[in-house]
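Asks: Top line first, the protein sequences correspond to chains S and A. Heads up: take any position in the first sequence, counting from 1, add 128, and you land on my numbering. Heads up: take any position in the second sequence, counting from 1, add 25, and you land on my numbering. Here you go, one structure.
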Amino acid sequence: MSEKKLMLGNEAIARGAYEAGVKVSAAYPGTPSTEISENIVKYDEIYAEWSPNEKVAMEVAIGASMAGSRALVSMKHVGVNVASDPLYTVSYIGVTGGLVLVAADDPGMYSSQNEQDSRAVARAAHIPVIEPSDSSEAKEFVKFAFDLSEKYDTPVMLRTTTRLSHSQGIVELEERFEPIDIPYEKNIAKNVMMPGNAIKRHPVVEAREKQMAIDGEDFPVNRIEMADKSIGVITSGIPYQYVKEALPNASVLKLGVVNPLPRKMIEKFAKEVDKLYIIEELDPIIEEQVKSWGIECTGKEILTIQGEYSANMLRKAILGAEGDLTAPAQVPMRPPILCPGCPHRATFYALKKLGLHAAGDIGCYTLGAVAPLGVVDTTVCMGSSISTLHGMEKAGGREFIKDWVAVIGDSTFMHTGVNSLINMFYNQGTGTVLILDNSTTGMTGHQDHAATGKTLKGETVLAVDLYKLCHDGIGIENTRIVSAFDSEALTAAIKEEVAREKVSVIIVQAPCALLKSNKPKPAFKIDTEKCVRCGMCMKPGCPAITRKPDGAIAIDATLCNGCGLCEGLCKKGAIVR
Amino acid sequence: MQTKNIMIVGVGGQGTLLTSRILGGLTLRAGFDVKLSEVHGMAQRGGSVVTFVRYGEKVNEPIVEEGQADVLIAFEKLEAMRYAHFLKKDGVLIVNDQRIDPMPVVIGAAEYPEGIIEDLEKKYKVLKIDAQKAAATLGNPRTFNIIVLGLAAKHMDFSHEDWIDVIAKTVPEKTIEVNTKAFELGYGM
């Protein structure tokens, strides 16, 4: 009997890549996709890397495919936007070794700035999309995706969602298939996308997509589960599980390939059932196509384009079941917060005291927007802090940004922030950029990047030196390094650089409080004899410090990591070790 | 058997992921079909965290919904209150009598409700435990979640022997002994 394991969807995707004979994997971390690479790295047979951003990762995978090997590239949905430039064109080029892009969508926005639907991107790029419904399928579908990729000469998108990526199910492990690398052949007409060649490739793309739509009926991943014909459902991915739970007797057309759609199969199924529903999270991608063929069906009229679905939601929308549910209690929210000892808290507190606004970016430090810090005014996407600040200056002049800075993490700076800084320097901006260098990619759970000196495989390499990059490389004279916990020096540096009518960079250093290499210092406690209960120490919003019902202030020794920020704020010397 | 629905709720950093790994190991060992679902990402930064565990002959949906939980394990009492309506009518709530103030309470924008456990006892079958106190007697405050799990164990379908075995296989080797003691402590309550 083969081994069975409980695996996260992402772990199963990694296993699928291993079994499919993948040789190269590239990615940039992003919830909910990160664990794919973190599991792939366990297989010695696969070269795996963190690339600085998704565009680079995509191109690395394209190169590997061109060289004749199977390649996997994984990213979160918004990462697909960054990678879309190479993606739209590699659709024309096709593949040599199979090429699979895992796009991880986030319905419900558990950890994202929007809930866009990656299937729409794949349709626009004319590449097939396959969508598994649980961990077991996730592994199998990766293998199917590679077969499809090589058979139809196309990159393939495997779409997952947070619920699939972060749910565990039973997976049966199989052996690795060891493909033989396809020998390289120079083929300018296929691999050099200049207009004359691309014009000839576009019809190939169209024909390929049409052929897959016809062949779709025979794809084993598209299947009909005929039962009670009064209700028929077309669905795919995680919503399939909700359908099986809520409507166990309904007939179901389960689509494994959601682009292109197997039109004949759908038409046949629609004829067999009395009432047809299309159940898909986010956008009506399947529904709009089915409706465009003149097939009567119901979907977004009764279901939303927002968030995750559930069996209860379907029972209510389709069966009209109200249920006998207890109303949830009204309780205070528990939003995510910066950890005790987080260096970002020290930086934001300094900015707050100076009355500054921050153009923010993507990372833990986006939490600088919420109370009690409330310093971050804007956040758009990876790398946007520096460029939006620059745009503000060009619109409102120097006066507008006289009390502004941009804040960006080290990993996000390496992702796309560096381009924005070059732009600010080149186009005579005068903004102040704080690179919050905590020596890791924090929010996704500690991944290395080019400036940490470690690779995904754990090798020690020469780190990109952020100071030299900004000062010597770009040529920003006013680049300096300050420790996040040296409040005086940090405040002085910010004041001076914000006043300067030139681009400046302050690299604010202190490792992430959760990094294993960052050993916590002994916890602080309150000397109740000295404490006057003024609450100064609570201003930065450290979760380790609370006020008891009797007004006394207490430090939770299990949470405090001894960073010392509060100690510096206490004028009575009441915070002691 | 009917699919059994377990929920584990708490505050990011309280060890809900470890407990779900233990439950996963148990269900697999007992030969059940199982699905576990948990939220990662931003929510782990001191936010409210939820793990769903469903096991039985065949499990489809990976999440537990309102009114469906057989057992709700809450490592913190405000979180017990937040998710209590997920319990079935005859479901069991195991609540750790610990208070962790969320940021809106810390900054004075909201109040931490009084008498949470007393209120919950009026509506649900509640088993209360002060696991921090119990863990202190073991000399390792971090084992509090295994003590809570020990108390919850009697309401699930796994043998005592399986629990001990799976805990030993899941926790770091250095902590097997203390975690086994922690489990026994909760189990005996």
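C-beta atoms are modelled at their ideal positions from N, C-alpha and C, and glycine is treated no differently.
1) Which same chain residues, not among the five before or five after A140 (chain S), have their C-beta less than 6 Å away from its C-beta?
2) For chain S, find out if any of its Cβ atoms is closer than 9 Å to the Cβ of D187 (chain A); answer yes or no.
3) T560 (chain S): which of S:A534, S:I190 and S:D538 sits nearest, CA to CA?
4) Of all the alpha helix (DSSP H) runs that stay within the bounds of the region 188-242 of chain S, which reach a length of 4 or more residues?
5) To the nearest angstrom, how far is the alpha carbon of T205 (chain A) from that of H180 (chain A)?
6) How is N121 (chain A) classed by DSSP in three states: helix, strand or coil?
7) Across the region 674-686 of chain S and the region 44-54 of chain A, are there enough close Cβ pairs to call them in contact, namely three or more that are closer than 8 Å?
8) Does the Cβ of Y370 (chain S) have 16 or more other Cβ atoms within 10 Å, making it buried, or fewer, making it exposed?
9) From this set, A:E104, A:D58, A:A55 and A:Q39, which residue's C-alpha is nearest P456 (chain S)'s C-alpha?
10) Helix, strand or coil: which one does DSSP assign to D95 (chain A)?
11) So, helix, strand or coil for V184 (chain S), using DSSP?
12) For I673 (chain S) and chain A, any beta-carbon pair shorter than 9 Å?
13) Threshold first: 3 residues or longer. Then list the beta strand (DSSP E) segments lying entirely within the region 668-693 of chain S, N to C.
14) What does R54 (chain A) touch in chain S if you count any residue whose Cβ is under 7 Å from its own?
15) Report the rounded CA-to-CA distance for S293 (chain S) versus E63 (chain A), giving the unit in angstroms.
16) Which term fits L643 (chain S), buried or exposed, when burial requires 16 or more other beta carbons within 10 angstroms of its beta carbon?
17) Compare the Cα-Cα distances from E90 (chain A) to each of S:N350, S:K372, S:E521 and S:N440 and report the closest residue.
18) Please list, in chain order, the chain S residues whose beta carbon lies closer than 7 Å to that of P129 (chain A).
19) Quick one: grab the DSSP three-state call for G360 (chain S).
20) Just checking: is the beta-carbon of D538 (chain S) within a distance shorter than 9 Å of some beta-carbon in chain A?
21) Kindly indicate if chain S contains any beta-carbon less than 9 Å away from that of S184 (chain A).
22) In the DSSP output, what is V561 (chain S) paired with across the bridge?
23) Answer with buried or exposed for V320 (chain S), where buried requires no fewer than 16 other C-beta atoms within 10 angstroms of its C-beta.
24) Counting only the same chain and skipping the five closest in sequence on each side, list residues whose C-beta sits under 7 Å from that of F613 (chain S).
25) Could you name the residues of the same chain whose beta carbon sits closer than 7 Å to that of I602 (chain S), not counting the 5 residues immediately before and after it, in chain order?
26) Among the residues of its own chain, which have a CB less than 8 Å from the CB of Y146 (chain S), if the five just before and after it don't count?
27) Whose Cβ in chain S lies nearer than 8 Å to the Cβ of V59 (chain A)?
28) Let me know the secondary structure DSSP gives W421 (chain S) once reduced to three states.
29) Touching or not, the region 528-544 of chain S and the region 573-582 of chain S, by the rule of three or more beta carbon pairs under 8 Å?
30) Which same chain residues end up closer than 8 Å to T583 (chain S) when comparing Cβ atoms and leaving out the 5 residues on each side of it in sequence?
31) Between A:V75, A:F77, A:L152 and A:K148, which has its C-alpha nearest V173 (chain A)'s C-alpha?
Replies: So, to answer that:
1) S263, A266, K267 and V299
2) no
3) S:A534
4) 205-210 and 212-221
5) 18 Å
6) strand
7) no
8) buried
9) A:E104
10) strand
11) helix
12) yes
13) 673-675 and 681-683
14) None at all; the shortest Cβ gap to chain S is about 10 Å.
15) 10 Å
16) exposed
17) S:N440
18) P460 and M461
19) strand
20) no
21) no
22) S:A534 and S:V633
23) exposed
24) P471, A474, A638, C691, G692 and L693
25) L549, I550 and F553
26) I168, Y171, E173, I174 and R304
27) L134, Q296, G297 and I298
28) coil
29) yes
30) E177, W178, D576 and V589
31) A:L152
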